[in-house]
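A.B. asks: Take this structure, written in C-alpha cells, and hold onto it; I'll ask about it next.
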Amino acid sequence: MMEEHLTEEHLFVQDLLRDRDITVTQLAQRAGLADSTVYEYTGGRRKNIPLVVWRALYELTEDVRIPNLIMGEGKGFMVPIPHPDSIDPSEMTLKQLIEKRKTDLECEMAILDIVADGKIDKADRMAIERYRDSYPEAMKLEAQIYFTIMEAYEKATRGKATK
C-alpha cells in the first residue's frame, strides 16, 4: 500500500471539492478518468496531480486560484470572462451584482482599517486571510459586472448610430 503524502495542492483540491460540493465522481467524469484514479490524485496517494484533473476542476469551478497555481507567484492573476450565456443584462441582475460588490468594498475598507494601525492580532490575521482567499471571487464578480454592463450597452445601442 502506498503511503499518502498530502501536499498543499492535494489539500487545496480537497477543500475546493468540499466547498463547492463537487464529488470525485463529477471530477472524474469531467476529466475522463476512473473514480478510483481521481481518488488516488485527490487523496495524496499520487504525488503530482495531472493537468487533466486541474483542467476539469477549473471547468467545474472557474476558481482563479487554479491557473495561478500553474503560473506561479506572478504580479497578477487571471479572471475568467463570464460565459456569454450566463450574462443577464437585466437591471435587476445588475443591481444584485453591484450590491454584492458593495459588500466586498465594505470588507476592503474594514481590512484597510485593520492594517492602518500596524498591529495585527490573531483575529486581524484571520480576517485578512479570509479576504485574501475571497479576493479572486471578488475580481470575478467585478468582471461579471463589467460584462453585464457591456452586454446591456450593446443591447441598448444595437442598430443605433453613435456619434
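Numbered by my numbering, the letters in the sequence shown go through residues 4 to 166 in order. Don't be surprised by glycine CBs; every beta carbon is placed ideally from N, CA and C.
Suppose you measure from the CA of GLY47 to the CA of MET95; what does that come to, to the nearest Å?
C.D. replies: 45 Å
A.B. asks: Would you tell me roughly how many angstroms separate the C-alpha atoms of SER39 and ASP136, rounded to the nearest one?
C.D. replies: 30 Å
A.B. asks: How should THR66 be labelled, buried or exposed, when 16 other C-beta atoms within 10 angstroms of its C-beta is the threshold for buried?
C.D. replies: Just to set this straight, residue 66 is Asp in the shown sequence, not Thr. In summary, ASP66 is buried, with 16 or more beta-carbon neighbours lying within 10 Å of its beta-carbon over all protein chains present.
A.B. asks: For a test of the three-state rule: what should DSSP assign to GLU161, helix, strand or coil?
C.D. replies: Sequence check: residue 161 is Arg here, not Glu. The answer is coil: DSSP assigns ARG161 none of H, G, I, E or B.
A.B. asks: Could you pull the start and end residues of the alpha helix (DSSP H) that SER39 belongs to?
C.D. replies: 38-45
A.B. asks: Quick one, are the C-beta atoms of ILE52 and GLU12 less than 8 Å apart?
C.D. replies: yes
A.B. asks: For TYR149 and ASP120, what's the separation of their Cα atoms in angstroms?
C.D. replies: Near 34 Å, if we compare the C-alpha coordinates of ASP120 and TYR149.
A.B. asks: Let me know if GLN99 comes out buried or exposed under the rule of 16 or more other beta-carbons within 10 Å of its beta-carbon.
C.D. replies: exposed
A.B. asks: Roughly how many whole angstroms lie between the Cα atoms of LYS50 and ALA59?
C.D. replies: 18 Å
A.B. asks: If ALA34 sits next to VAL55, beta carbons under 8 Å apart, how far is it from one beta carbon to the other, in whole angstroms?
C.D. replies: 5 Å
A.B. asks: What alpha helix (DSSP H) runs, 4 residues minimum, are completely inside the region 75-141?
C.D. replies: 94-119
A.B. asks: Spatial neighbours of THR28 within its chain, please: CB distance less than 7 Å, with the 5 preceding and 5 following residues excluded, ordered by chain position.
C.D. replies: Shown here for THR28: same chain residues with a beta carbon closer than 7 Å to its own, the five before and five after excluded, namely ASP38 in chain order.
A.B. asks: Please classify THR151 as buried or exposed, where buried requires at least 16 neighbouring CB atoms within 10 angstroms.
C.D. replies: The C-beta of THR151 has 16 or more other C-beta atoms within 10 Å across all chains shown, which makes the residue buried.
A.B. asks: For GLU65, does the three-state DSSP call read helix, strand or coil?
C.D. replies: coil
A.B. asks: Alpha carbon to alpha carbon, what distance is there between THR106 and GLU145?
C.D. replies: Cα-Cα distance, rounded: 12 Å.
A.B. asks: Are there 16 or more other CB atoms within 10 angstroms of the CB of MET5, so buried, or fewer, so exposed?
C.D. replies: Summary for MET5: the model assigns pLDDT 48, below 50, so the residue's position carries little reliability; its value from the coordinates is reported in the next sentence. Classification for MET5: exposed.
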